[in-house]
Every structure is written in structure tokens, then in C-alpha cells.
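*Asks:* Protein chains in written order, with our numbering: chain A, 1 to 348; chain B, 349 to 658; chain C, 659 to 760.
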Amino acid sequence: MQKSALKQIVGIAPLPEKVMDRIELVRNADANHILGQMASANTSDVSDRLHDIFRNALLRAGHDHIMLQFEINRLEHALSGTGIEPVVLKGGAYVARGKKAAGGRRVSDLDILVAEDELEEVETRLKEAGWSPDEATDNEYDQAYYREHMHELPPLRHAKRGTIIDVHHRLLPKTARSNVDVALMQQSAMRIAENPVRTFDDVDMFVHSAVHVFADGAIDTPARSLVELYLLYIELSSDDALRLKTRAKAVGAIKAVSTALWAIDEFFDEDNALALSNEALAEKPNFILRWAIATKTLERPSAPLAKLLLYIRSHYLRMPLRLLVPHLARKAVAWRPTTKKPIELPFP
Amino acid sequence: MSAPSNVASYDRRDLRAALRNGSFTLHLGPFSHLVSGASEPLLDFLSDTYRDYSVELTPSDVTDVLLRLEAPNILRRFIRRQITPNPGFKVPAVPLPLSMSPLAFEMGLNLSVALKCCRFINVHAGVVADKDGAIVMSAASGGGKSTLTAALLQHGYRLFSDEFALLGLDQPLLHPYPRPISLKQETIPVVRDMVGDNWISKVVTGTPKGDIAYYRARASDLAQDKTSAKAKLVLFPKFEKGVRPIARQLNPAEAIMRLVPASTNYSLLGEPAFHAITGLLKNIRAYEITYGSTIDSLRLVEQITDQKLV
Amino acid sequence: MAAAPPTTSEKWSSDSHQYLAVEYDDTFLVYFRPSGETHFLNFLSYGMVHAVSSGPLSEEEILARMRTDFSLTAEELPETLVATTLSELDQAGLITALDAGT
């Protein structure tokens, strides 16, 4: 993917003139699951045929959004009377709040955050209301792995609707090297209308997205993640943008937030974001990390190496070494039959 | 950029080059399809079965479908060559020997339209139409739908599609998408006898679905591929050997209950889909017809339409 | 299984703006806007959704209303059938339980 592609997708650079280039851009946006975002952002200067293709993507996203709102409704129903006020995270929150980041975005699962001591009751209530452990993870190893080391219950699937809910009680795994002060973030979450379900405020939404991308994930969907960060960023008021640094420091997410701001400047030429990033951090994110993010996002030929690096980094960030080896080994067996042993590379 | 022209008007060499460059663009009904992956069996198939279809060698705009026919791995590009359709999303496609390229092409287009194009409600059903309107035929595999479709084409109907009923979201009209009719196993000789050898493609033998051949769409049907129609009848045909022909009228709700699971995207499309499917069944009737021969099935359709039951 | 076991004080309601219904003989095709799902309801299920759309009713009131509206005897329409149907409609989101207090 060309570096300009991300800007074209979010509508801040004109679409390519040449038909074959346009086709390639659409193909890329689709493969990276951001065709809907592209459709939302590019509403003018669109041929009938491109409009048709955009419409396909928007119809799909529209379905996801209805589904998601209904899942929130069912969640409230299942928890009614408990006094529990879960925080809806990520896509669910963007849809519920009508954020720009929701426009055309596909959403498949509902992610929610509750306090650790509410976990048991939430699980019981959800199971009573028809959710049960998803088949894919309904085995002893995965169940134990999720409960002991991750930051969520194993995914629950609704028997009738087939939808998945992920219940988190932290934003990063228990075993992660760094962790964010989730309690502090939960305190300032706000209700959606008069319902008990809440979302983070705009600043914390950005902070969480940054944490999710840069402190947690293997950046498996780099283009999609960067577009999301960009869309959240441009919707921040100037006061909110100034508040980012103090907030990130307070909740312990300064590295992730600075990296996110650096990336927003790098890929979308948002000078203000770079200034904020520079101010927050004395130095840029380290060279290897920057290289890996750029390489993977732009799908350069060295992308497989960058992916490996990021994958290892994500596991390094998530858990101490003691756990890293057995889990990677297991995934290696389950997912990549060609990999003979756990990867041994120096950690970035 | 050249204006679209039919496949037969191009040089095989130019077609090959366009497929190799990934610039081969097929226009049909509401969709355009960009295809890459040249092979001699595919070129043979296109110059025969697709001779009257409208094609551009360089796309004039973005396309609905992006289909790559490619080797499953580098080795299979050279040794015991194989091919697999890649519509841009994960599909459970089995690699096929290169000689089955036509099948990979047809499968790839079907998957793309079924799973990617949601500007229409896609129902897995055959559709033919005459001046009074369209007949939608939804049947399980082996229900004799293709044979009945082929038979109706010999009796004054034009082809919309044998696989996809495309129902508009804004207005409950059916849109033609006249791809070749896929014939399996024992239906091949039946349809060959009915329409003549000249209309049937070379048989692809030993596919995962047995023998497969394609009944070419007529130029007259292709010429009307932009002319939509209102439905006049919904049929659920059932072929059963030796059975006495019988037609049973269905409650429209039951007909809808059967059409919805045959749709790849009804549940995705929400309220407009609800309006469209109830609009489709408005003031028309639905029947389940059971028969043991093509003649019986034609007679049943004739009785239902002639008695002005529709 | 409903999430919260019904209490005696519970009343049911529905919002007629949230669904579209087309009648075919005694069957109703119902599109429910909040879930985006199409449901097929028989006259009784639809009758119950419709009955509580003009004002909340308790299970007992619904039972009585259905018996009168469709001229059904206690044998033809037992309490258990109404209870089961209400629970299914509740699960689909078509009706909502309101506490008498709220």
C-alpha cells in the first residue's frame, strides 16, 4: 500500500485519477477492512460505480451497527437490577456515541469492561440470558489461559443470535509489564442517555485505542487501527487534545499515546499530533518500533519480518517470559503447522 | 480505453494479455467484474460459452467484483498446475487442476456476487421472465431447477439467472444477471437433448461435484440484461422420480420463510429487505410443485399461469 | 430462559413504532427495528405484542385479553402457553418488562 493510501481512505487526499490505481486502492481498503470508513469519508467526486461499491460497504456496516445497538440493549436487559454499569469499549462505544470512527466501521463483537469483583455476577447473568463459552475457546487450556493470564473472560457467544461478547476487567492482561490504571478511567466513564451502560469520554477513548494498538496488540490490523486513531484524534476538541498528555500520564499510558500521536503525524501529516507527541515524550518511539509499524502498515516486502517482530513484541508486552514460551509454542502448533519451534529472536 | 464489445470480437491473444494483466472486465446486468489469471482452458471456455458477453480489455471504472484466479502456491504454478479462485476474502475453495479453470472462474464469480454484492437481496433461485413478469424458482440442489429453467427458455421466457434472484432494495423488482446455466451430471444429457449440442460447453469431468457443463446464455437474453421485471409467480420446484404432478399453493408468509434462508444477505439488509421481500410477494401467488418429468413440470407451470391464478 | 424471573407485579409493554407487521391470513411477518430481525409470529404471539402496545398489561391481563379477543377457552389457551410465549417474545426483545414501581 502507498503511504498516500491512508490519506485517500480518510478523505484528506484526492482519490487516484487512474482507474487501475483506484481499483488497487479499493482492493486495499477492502482487504484491510476499511472500505466502509473510506465510503463514509469520500462522499463527493464519486462515480456511480464507486458509489455502488461504497454502498455495499455501508450496508454491511449499517447492519453491524444495528446488531451492536441491540446487543447493548440485551446486555442491559441481562444485567437489569444488578446495579452494574459496564463500560462499552472500542467499536461499540464509537457506534453508541455516534463518533466519526464509527462511520462505515464493521463491528463484530461487543467488548465491555467491568470491575474485577463484578466479573462473576456478569458471567452468571450473561449465561442465564443465553450466552455460553464460544466453541473455539471452549477447551480447558484456553479457558484457563484466558482466566489466569488475559484481561477478559473467554468470549461468550449467544446461543440464538450467534453474537459474541468479550467481558474485560482490565485493559491489558494481568501479566503485562506495564498496566494502565483502569479504575481511574472507569471513574470518569459516562452513561449513554439514562441507561446504565457507559462509555469512556473522548480523551479516554483515544487513550484506550492507543493502548489497544500500541501497548497490547501485535498491530494485526495496522491500517484499520491507524484510521481509527486518526478519526478519534480529529474529533478531539482543542482542550481535549491538550488534556491528552496529562491524562495519559495519570493513567500510565504515556508511551502508547505518544506512539499513537507520532503515527498520526507520520501517516496523516497532522503536525499538531507530532508536537503533542514530542512534548509528551523526550524522544520519538524507538527506531525498530517505528520501522516495524511503517513496514507492516504499508505492506512492504519485509512485512513478514516486521509482523514477527510485532507479534513477539506484543507477547513481550503482554506477559513475562515464563509464560511467553509455552503460549507461543502452543499457538505455533495450533496455527502454523510449518513452524517447528517457538521463535527465538531478540526482543525489540 | 475501448468501449465494451463482445468476447467473440477480440483476438484470443488480446484476451490472454488482458487476463494476464488483470484488466479483463466483464459487464453483466448490474455488476462489473475484473478478472485476472490467464489459462488456455479458461480462454477456450470464454471464447465459447461467453462469446456474446460484453467485455472491456481495460476497465473504464472501478468494478464490483475483483476475482483473481491463481495457483494455490508457487509450485503449482509449474508442476501439475492448479488453480483456485481468490475473490479477495477467505473462501473454502479447493484447488482445482488447471483444466478446471472454467469451474474456478464460475465459482469465483458466484462467491463474489453471493457474499460481496449487497445492493440487492440475493436469493439462491432461478429466474425467467416473459412480458407478464418473472417466475422465481427456489429449489434445493437436485430439485430440477436448472432443467425447468432451461425448459422455460424454450417456451417464450428469457433468462434472468439460474443461480441468483437479484431483488432490488428500493423497488421490489428482479434484475437480470444471465450467467451461463450450470448443469450437473444427469441433467447434462437432458438439457442437451432439449436445446441442441451447439449450446452446451465442453463437459468438465471429475470435478468435486461430478461432471459439469454450461448452457450458454442467448444473445437476446444478454441484450436485455438491464431490463428489470416485476415477479408474477414464486415456485418451489421438487423433482421426484415417478411422482404424480401436483401443485400446492403456499401462504405468502410460508414462501417468504423459505426464500429468506435461501438468501445470502437478507438478514444483513434489515428494513429495506423486509419491504422488498413483502413487496415481491404482494398480489402474487406461490406454489410448491412436485413432478417426475420435465413435461409434467412445464404443464404445471402452464396450468398455474393459464388459469390466471397469478 | 429470561434473564430476570418475572415477578407478579411485572407488566409488559411494546412500542408499535419499533416494529412493522404484514399479515398473511393468520400469520404475521414482523420486522423488529432494534434487532433488525424478521420474525414469523402466529396470531396469538402477534396478538400479545399488539395488545401491550397500547398500554402495559400484566400476564394475567394479557391472558384474559387473549381469551376474549380470540374466543378461546381456558383449556384451549392455558396460562402456561401465555407464559412461555411471553418469555420468548421477551427474549426476542419484542416486548419489555416494566416493574410496577417504575
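Think of the CB as a built atom: it goes at the ideal place given N, C-alpha and C, for glycine as much as any other residue.
1) H327/A to L446/B, Cα distance in whole Å?
2) For a contact defined as C-beta to C-beta under 7 Å, what are the partners of L687/C on chain B?
3) Under 8 Å between beta-carbons, which chain A residues line up against S729/C? List them in chain order, please.
4) What residue from V608/B, S408/B and L521/B has the CA that sits closest to H472/B's CA?
5) Give the secondary structure of A366/B by DSSP, where H, G and I count as helix, E and B as strand, and everything else as coil.
6) Per DSSP, which one or two residues make a beta bridge with S384/B?
7) Taking the Cβ atom as the reference point for each residue, do E29/A and M20/A lie within a distance shorter than 9 Å?
8) Tell me G474/B's beta-bridge partners as DSSP assigns them.
9) Determine the contact status of Y233/A and I264/A, defining contact as a CB-CB distance below 9 Å.
10) Using the C-alpha atoms, what's the distance from L156/A back to F686/C?
11) Looking only at DSSP bridge pairs, what is L274/A linked to?
12) Using a threshold of 9 Å, state whether the C-beta atoms of G103/A and L231/A are closer than that.
13) Nearest to E668/C by CA position, among E695/C, A679/C, P714/C and L702/C, is which residue?
14) From the DSSP output, in three-state form, read off L68/A for me.
15) Give the single residue among S353/B, G377/B, I427/B and G370/B whose Cα lies nearest to the Cα of L415/B.
16) Measuring CA to CA, which of V211/A, L68/A, K99/A and G91/A is closest to L236/A?
17) Between A386/B, A513/B and P585/B, which lies nearest to M448/B when the distance is taken from Cα to Cα?
18) At the level of alpha carbons, what is the spacing between T137/A and A57/A?
19) Rounded C-beta distance between L298/A and L276/A? I'm assuming under 8 Å.
20) List the residues that DSSP assigns as beta-bridge partners of D109/A.
21) By how many angstroms is the C-alpha of A462/B removed from the C-alpha of Y639/B?
22) Note down, in chain order, all residues in the segment 11-38 of chain A with a beta-carbon under 8 Å from any beta-carbon belonging to chain B.
23) Cβ of V680/C less than 9 Å from any chain B Cβ?
24) Let me know if D541/B comes out buried or exposed under the rule of 16 or more other beta-carbons within 10 Å of its beta-carbon.
25) Using a Cβ-Cβ cut-off of 7 Å (strictly less than) and excluding sequence neighbours within five positions of I53/A, which residues of its own chain qualify?
26) For the segment 63-74 of chain A, enumerate the residues whose C-beta is nearer than 8 Å to any C-beta of chain C, in chain order.
27) For chain B, find out if any of its Cβ atoms is closer than 9 Å to the Cβ of E695/C; answer yes or no.
28) Starting from the beta carbon of P692/C, find every residue of chain A whose beta carbon is closer than 8 Å, and list them in chain order.
29) Provide the residue(s) that pair with G516/B in DSSP beta bridges, ordered along the chain.
30) So, are the CB atoms of Y358/B and V413/B less than 9 Å apart?
31) Within 10 angstroms of its Cβ, does N700/C collect 16 or more other Cβ (buried), or is it exposed?
32) Reducing DSSP to helix, strand and coil, say where E534/B ends up.
33) Determine whether the beta carbon atoms of L721/C and S672/C lie at a separation below 9 Å.
34) Counting contacts by CB-CB distance shorter than 9 Å, is G130/A in contact with chain C?
35) What does the Cβ neighbour count give for A210/A, buried or exposed, with the cut at 16 atoms within 10 Å?
36) Any heavy atom of the ligand HEM within a distance shorter than 8 Å of the CB on Q572/B?
*Replies:* In short:
1) Residue numbering aside, residue 327/A sits at position 327 when the first sequence is read from its first letter. Residue numbering aside, residue 446/B sits at position 98 when the second sequence is read from its first letter. Only weak support exists for where H327/A lies, its pLDDT of 43 falling under 50; the coordinates are left without a value.
2) Counted from its first residue, the third sequence places residue 687/C at position 29. Those within 7 Å of L687/C in chain B are A601, I604 and T626.
3) For the purposes of this step, residue 729/C is taken as the residue at position 71 of the third sequence. Under the 8 Å cutoff, chain A gives no residues; its nearest Cβ is about 33 Å from S729/C.
4) If you number the second sequence from 1, residue 472/B lands on position 124. For H472/B, the closest alpha carbon among the candidates V608/B, S408/B and L521/B is that of V608/B.
5) Counted from its first residue, the second sequence places residue 366/B at position 18. Helix at A366/B.
6) Your numbering for residue 384/B matches position 36 in the second sequence. In the DSSP output, where bridge partners are listed per residue, S384/B has R416/B.
7) Indexing the first sequence from 1 puts residue 29/A at position 29. Indexing the first sequence from 1 puts residue 20/A at position 20. The question names Glu, yet the displayed sequence has Ala at residue 29/A. No, Cβ-Cβ distance for A29/A and M20/A is not below 9 Å.
8) Your numbering for residue 474/B matches position 126 in the second sequence. For G474/B, which the question treats as bridged, DSSP gives the partners M485/B.
9) Here residue 233/A corresponds to residue number 233 of the first sequence, with the count starting at 1. Here residue 264/A corresponds to residue number 264 of the first sequence, with the count starting at 1. Yes; because the gap between Cβ atoms is below 9 Å, this pair is in contact.
10) On the third sequence, residue 686/C is found 28 positions in, with the first residue counted as 1. On the first sequence, residue 156/A is found 156 positions in, with the first residue counted as 1. Each residue's Cα considered, the two are about 32 Å apart.
11) Position 274 of the first sequence, counted from the start, is the residue given in the question as residue 274/A. DSSP links L274/A through a beta bridge to no other residue.
12) Taking the first sequence and counting its residues from 1, one reaches residue 103/A at position 103. Taking the first sequence and counting its residues from 1, one reaches residue 231/A at position 231. At the C-beta level, G103/A and L231/A come within 9 Å of one another.
13) Along the third sequence, read from residue 1 onward, the residue named residue 668/C stands at position 10. Distances from the CA of E668/C to each of E695/C, A679/C, P714/C and L702/C were compared; the closest alpha carbon is that of P714/C.
14) Stepping through the first sequence from its first residue, residue 68/A is reached at position 68. Helix at L68/A.
15) Reading the second sequence from its first residue, position 67 is the one you call residue 415/B. Looking at S353/B, G377/B, I427/B and G370/B, the one whose alpha-carbon comes closest to that of L415/B is G370/B.
16) By one-based count along the first sequence, residue 236/A stands at place 236. Cα-wise, what sits closest to L236/A is K99/A.
17) As a working note, residue 448/B is residue 100 in the second sequence. Cα-wise, what sits closest to M448/B is A386/B.
18) Mapped onto the first sequence, residue 137/A falls at position 137. Mapped onto the first sequence, residue 57/A falls at position 57. Going by the C-alpha atoms only, they are around 30 Å apart.
19) Within the first sequence, residue 298/A is the residue found at index 298, counting from 1. Within the first sequence, residue 276/A is the residue found at index 276, counting from 1. About 24 Å separates the two Cβ atoms, so there is no contact after all.
20) Numbered from 1 along the first sequence, position 109 holds the residue referred to as residue 109/A. For D109/A, which the question treats as bridged, DSSP gives the partners I164/A.
21) Taking the first residue of the second sequence as position 1, residue 639/B is located at position 291. Taking the first residue of the second sequence as position 1, residue 462/B is located at position 114. Rounded to the nearest angstrom, the two C-alpha atoms are 29 Å apart.
22) Answer in chain order: V19, M20, R22, I23, V26, R27, D30 and A31.
23) Your numbering for residue 680/C matches position 22 in the third sequence. Yes - at least one Cβ of chain B is within 9 Å of the one on V680/C.
24) Along the second sequence, one-based indexing puts residue 541/B at 193. With fewer than 16 Cβ atoms within 10 Å of its Cβ, D541/B is classed as exposed.
25) What you label residue 53/A is simply residue 53 of the first sequence in a count that begins at 1. For I53/A, same chain residues with a beta-carbon under 7 Å away, outside a window of 5 residues either side, are V26 in chain order.
26) The residues in question are H63, I66, M67, Q69, F70, N73 and R74.
27) By one-based count along the third sequence, residue 695/C stands at place 37. E695/C belongs to the set of residues whose beta carbon lies under 9 Å from a beta carbon in chain B.
28) Here the question's residue 692/C lines up with position 34 in the third sequence. What P692/C touches in chain A: I66, Q69, F70 and N73.
29) As a first step, residue 516/B must be located in the second sequence, where it is residue number 168. Looking at the DSSP assignment, G516/B forms a beta bridge with F468/B.
30) Walking along the second sequence from the start, residue 358/B turns up at place 10. Walking along the second sequence from the start, residue 413/B turns up at place 65. Taking the C-beta atoms as reference points, V413/B is found no nearer than 9 Å to Y358/B.
31) Position 42 of the third sequence, counted from the first residue, corresponds to residue 700/C. So N700/C ends up on the exposed side.
32) Looking up residue 534/B in the second sequence gives position 186. Residue state, collapsed to three classes: coil.
33) Here the question's residue 721/C lines up with position 63 in the third sequence. Here the question's residue 672/C lines up with position 14 in the third sequence. Contact check for L721/C against S672/C fails: the beta carbons are separated by 9 Å or more.
34) Taking the first residue of the first sequence as position 1, residue 130/A is located at position 130. So, interface residue.
35) Indexing the first sequence from 1 puts residue 210/A at position 210. Around the beta carbon of A210/A, a 10 Å sphere encloses 16 or more other beta carbons of the protein chains shown; the residue is thus reported as buried.
36) Absence of the ligand HEM from the depicted structure is noted, as is the absence of any ligand whatsoever, leaving it without description.
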